[in-house]
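See below for the structure under consideration.
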Amino acid sequence: MKHNIRLNYIPTLLVWSIFFSFYTIQAQPTKPLSFIQVGLGAQQPFLDLAKDYGSNLNLNASVGLKWNKHWISGIGFEYLFGTTVKQDVLYALRNDVGYVTNNEGYPADVRITQRGFQVYFKWGYQGNLFSDHVFWVFTPAVTYLEHQVYLYDVEKKVVALQNESIKGYDRLCNGLGIRNEWGIMYLSKNRLSNFYIGFDATFAWTKNQRRFAYGIGELPHSTRRDALAGIRCSWILPLYTSAEHSFYK
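Structure (structure tokens):
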């Protein structure tokens, strides 16, 4: 599916972002510092998104630059996944007793979950808190949000859920939005015990990317208002350009 193809590009994007970070560091006379974050988060949906899904977990990663004592920027990625789908997207496939049957007429094992991702560019401000090793961080961002119902036919015996036919059930939506993060960052002198914990909130204007859904017919193409809010924690790997430069300056 196109969704999976897009996800395959994300590792390449992050690798090129790291390369660009190092290139920029060499080109800038002020020699900003770069850093990598990887972590785990949890989010609750709101507005239109809450009508379709429950809460989710997410894996997140980002690369960034610290331009001077306070200003930072970066690019980030989140992979969203959850188990609660509120709409019965397989309604058209169910028999009189509520089962989805396979090609042989037996009940099929179909897993219905949610999937999605965000790719965002952030620019923000950090300031010292308590000491030179603890910072508060605020980073607004422009984001691209995509979400869909993920259907997994365990035995691969439901012809309606194979190839292009599955698009009539997945409710794929995507669009641009805004995102904010508020958190606390700790960077130790040993350069290993570094972490971030904070809150994030996303508001996106998305649209259905499918024209119709089986059992429903034509899907509305009006703009949706999707929102997410949650907490996240991550480990940080700071990349110093020289012994004279550090995050504490």
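When you number the sequence shown by our numbering, it's gap-free, plus one each residue, and the end is 355.
For each residue, glycine too, the CB sits at the ideal point set by N, CA and C.
Helix, strand or coil at residue i [DSSP, three-state]
i: Ser237; result: strand
i: Gln132; result: Only weak support exists for where Gln132 lies, its pLDDT of 42 falling under 50; the coordinates are left without a value.
i: Tyr197; result: helix
i: Ile303; result: strand
i: Ser161; result: coil
i: Val265; result: helix
i: Glu210; result: coil
i: Ser340; result: strand
i: Gly274; result: helix
i: Ser168; result: strand
i: Ile322; result: coil
Cα-Cα separation, residue i to residue j
i: Ser140; j: Tyr258; result: 39 Å
i: Leu163; j: Phe187; result: 6 Å
i: Ile302; j: Ile342; result: Here residue 302 turns out to be Tyr, not Ile, going by the sequence shown. Going from the Cα of Tyr302 to the Cα of Ile342 covers about 7 Å.
i: Phe236; j: Arg277; result: 47 Å
i: Val255; j: Arg317; result: 15 Å
i: Tyr205; j: Lys263; result: 14 Å
i: Glu184; j: Val240; result: 25 Å
i: Cys339; j: Gln224; result: 17 Å
i: Trp288; j: Asp238; result: 18 Å
i: Val265; j: Asn209; result: 7 Å
i: Gln193; j: Phe227; result: 32 Å
i: Ala310; j: Gly323; result: 25 Å
i: Leu251; j: Ala333; result: 10 Å
i: His253; j: Leu155; result: 9 Å
i: Pro213; j: Phe305; result: 42 Å
i: Gly145; j: Arg217; result: 26 Å
Selected residue, minimal CA-CA separation from residue i, among the options
i: Gly230; options: Asn286, Ser294 and Cys279; result: Asn286
i: Gln86; options: Asn300, Gln220 and Glu270; result: The question about residue 86 has no answer, for the chain in this structure spans 107 to 355.
i: Gly281; options: Ile337, Asn208 and Arg330; result: Arg330
i: Trp177; options: Lys313, Ile142 and Phe244; result: Phe244
i: Met291; options: Thr190, Gln232 and Asn166; result: Gln232
i: Pro326; options: Gly145, Asn314 and Ser299; result: Asn314
i: Pro246; options: Ser299, Gln268, Ile284 and Glu252; result: Ile284
i: Thr312; options: Lys175, Lys295, Cys279 and Ile218; result: Cys279
i: Leu345; options: Lys273, Ala319, Gly182 and Asn300; result: Asn300
i: Ala307; options: Asp215, Thr207 and Ala148; result: Ala148
i: Ile142; options: Gly321, Lys175 and Ser179; result: Ser179
i: Ser271; options: Leu153, Phe305, Ser294 and Tyr320; result: Tyr320
i: Val260; options: Leu146, Gln268 and Asp215; result: Asp215
Opening and closing residue of the alpha helix (DSSP H) in which residue i lies
i: Leu155; result: Asp154 to Asp158
Range covered by the beta strand (DSSP E) that runs through residue i
i: Tyr185; result: Trp177 to Gly188
i: Gly204; result: No beta strand (DSSP E) contains Gly204, which DSSP labels as neither H nor E.
i: Leu282; result: Cys279 to Tyr292
*Indicate whether the contact test is met: 3 or more Cβ pairs, each with one atom in the segment 168-176 and one in the segment 191-206, closer than 8 Å.*
no
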